[in-house]
Structures are given as structure tokens and as C-alpha cells.
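One structure below.
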Amino acid sequence: MKTRTIFAALLLIAAVSQTVRAQKVLIYKTDKTQVELKTSEVDSMVFVPEEPLLTCPDDNHPHAIDLGLPSGTKWACCNVGASTPEGYGGYYAWGETCEKNAYNWDTYAYGSSWDNCVNIGSDIAGTSYDVAHVRMGAPWRMPSTGQQQELINNCSSQWTQQNGVNGMLVTGRNGGQIFLPAAGYRWDDYLDNAGSYGYYWSSSHYRGFVGGAYSMYSSGYWCWDGLGRGFGLSVRAVCP
Ligand SMILES: [Zn+2]
């Protein structure tokens, strides 16, 4: 009986070691593909933080640029809808996620005047009204006013040209840099102030009037104010 038990145990150990030998390593990737390796090929596996990107490295946009901000917020290298860092990209009324031919109170989806707008939230970041979130996907989102102010307060800025486009070169204390083109704004069917001002929506509703939202804009210096939600402005996304 005892001999049989020992023999059974030996068989079990042999089976287990057989199973161990037959194992392989499968890595399931977020794009639903998988990588298969033999265990003999794997020495060890550790997760390490990615090297932060201080500038846009290649054409595979969007990149999350580390400007050394206290909150750890990263800023996208390109405007929403742009294919280069200096590209103007799309113009969006606040809370809308598509471009259109004319920007005014007649075409605005969530209101008809400065004082007659639908409440779509005090902060639309990460919602279906957030054009950065909708068009670029998570974790990208529109910046809050706090995140825009953090950028302004913690970075130096220089009015310059990049590939022939006027705009603000923003440099963090860690040397990280993004370029915000002066894309102007759209109202009705015209584009105004392109090349001289950049206007960027925040995700935050303006407390001063129901039809407004906070935006930062620049023409060599920063301004920060509420604008009518019906204007077509640029959006520069952030991620945690
Ligand atoms: Zn990039």
C-alpha cells in the first residue's frame, strides 16, 4: 500500500513537471493580439514606467508630452483634428464633437443665445460632449480651467513660428515643449484671427453666463476668459 502511494506520488510529480515543461508564456495585448514565447525564452518580466516624452518624437500622433507639471498632467502634441503639431486642426463649438460650415447660435446644438443654453454640465471632460474624448478616445480629454491655468503658471512661453505657422511655444521646467498654433476662431462661415491668436476651450462651464465656457487664448501673452459656447475654437487635449 505504502509503495503504491509513493509510486502514485512519483507519477504525479512527473506529470506536474511534464506540465511545467510544456508551459508557454502568452502576453495578451490591449489591441487584442497576443505574443507567444517559450518559457525558456523568458528570463524575468517586470513593469517599468515609460520614459517621459519631452517633445513630439515622430508622426505617430498624438503623443502625451510631459511638461513637468505638478499634477502630472500630460498635454497632447497636436490639436484635436490636426495631423501635425502646428496644424490648426478642427474648430468645435463647446460641447459639440463635429465641425460644421457655420458657427453661430442658430447652428449651436445646446442653445440659441448667450443667455439661453442647455446645461450640459459644469465640467464636460470625459463625457460624450468632450470632443477630445470622443475623437481621440480615452484617456484623452479636454483640459479643465485648472489644468489650463497650471500650464500657464508652470511653463514659460514664447511667441514664435514653427514650420511657418505662428503660435506659442510652451516650455515646462523639465524642458518639455508643446506648440500651440494661433488657429484663430470661427464664427458664422468665416475664420478670424488665424495667425494672430490661438483660442483653446477648456472643459469648464463659465460661471458668468449660461452660454459661456472658459477658454485660454494667446497672442504672445496669455489671456483667460469666458467665451460664447457657440464659437468654433481649437481644443488641445490632456491625459492624466
Ligand atoms: Zn506627436
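Just remember that our numbering sits 48 ahead of the position in the sequence shown, which is counted from 1. Idealized CB from N, CA, C, for every residue including glycine.
Problem - Option in L117, Y158, P133 and I172 with minimal Cα separation from N108 - result: On the sequence shown, residue 108 is found 60 positions in, with the first residue counted as 1. Residue P133 is the option with its Cα nearest to N108.
Practice task
Examine ligand 1 and report whether any of its heavy atoms sits within less than 6 Å of the Cβ of C287.
Solution key: Start at 1 with the first residue of the sequence shown, and residue 287 comes out as number 239. Using a cutoff of 6 Å, the CB of C287 does not count as near ligand 1, since none of the ligand's heavy atoms is closer than that.
Practice task
Could you check if Q196 is buried or exposed, using at least 16 other CB atoms within 10 Å of its CB as the buried criterion?
Solution key: Taking the sequence shown and counting its residues from 1, the one referred to as residue 196 is at position 148. The residue is buried, with at least 16 neighbouring Cβ atoms inside 10 Å.
Practice task
Count the other CB atoms, across all protein chains shown, that sit within 10 Å of the CB of V286; report buried if there are 16 or more and exposed otherwise.
Solution key: As a working note, residue 286 is residue 238 in the sequence shown. Buried, because 16 or more other Cβ atoms sit within 10 Å of the Cβ of V286.
Practice task
Check whether the Cβ of H181 sits closer than 6 Å to any heavy atom of ligand 1, and report yes or no.
Solution key: Here residue 181 is taken as the residue at index 133 of the sequence shown, counted from 1. Result no, Cβ not under 6 Å from ligand 1.
Problem - Own chain residues within Cβ distance below 8 Å of S161, not counting five before or after - result: Residue mapping note: residue 161 aligns to position 113 of the sequence shown, counting from 1. Scanning its chain for C-beta atoms nearer than 8 Å, with the 5 sequence neighbours on each side dropped, one finds around S161 the residues W153 and G259, in chain order.
Practice task
Using only the heavy atoms of ligand 3, determine whether one of them is closer than 6 Å to the beta carbon of C146.
Solution key: Among the ligands present in this structure, namely ligand 1, ligand 3 is not found.
Handout entry: Unbroken beta strand (DSSP E) run spanning V218, endpoints
Key = Position 170 of the sequence shown, counted from the start, is the residue given in the question as residue 218. Element bounds for V218: V213 to G220.
Problem - Cα-Cα separation between S92 and G120, rounded to whole angstroms - result: One-based indexing of the sequence shown puts residue 92 at position 44. One-based indexing of the sequence shown puts residue 120 at position 72. Rounded to whole angstroms, S92 to G120 spans 30 Å at the Cα level.
Exercise for the section: Report the rounded CA-to-CA distance for R9 versus V128, giving the unit in angstroms. Expected result: Since the first and last residues shown for the chain are 49 and 288, residue 9 lies out of range.
Problem - DSSP-derived helix/strand/coil call for S88 - result: As a working note, residue 88 is residue 40 in the sequence shown. The answer is helix: DSSP assigns S88 an H, G or I state.
Problem - Host beta strand (DSSP E) of V73 (start-end) - result: Taking the first residue of the sequence shown as 1, we reach residue 73 at position 25. Per DSSP, V73 belongs to the beta strand (DSSP E) from K72 to Y76.
Problem - Closer than 6 Å: C125 CB and nearest ligand 1 heavy atom - result: Numbered from 1 along the sequence shown, position 77 holds the residue referred to as residue 125. For ligand 1, at least one heavy atom lies less than 6 Å from the Cβ of C125.
Handout entry: Contacting residues, own chain, Cβ-Cβ under 7 Å from D114 (five flanking each side not counted)
Key = Indexing the sequence shown from 1 puts residue 114 at position 66. Closer than 7 Å at the Cβ level, and outside the excluded window around D114, lie P100, L101, L102, K122, N222 and G224.
Exercise for the section: Look up V283 in the DSSP assignment and say whether it is helix, strand or coil. Expected result: Stepping through the sequence shown from its first residue, residue 283 is reached at position 235. V283: coil per DSSP, three-state reduction.
Handout entry: M190 versus N149, P288, G212 and V73, residue with shortest Cα-Cα distance
Key = In the sequence shown, residue 190 corresponds to position 142, counting from 1. Answer by Cα proximity: P288.
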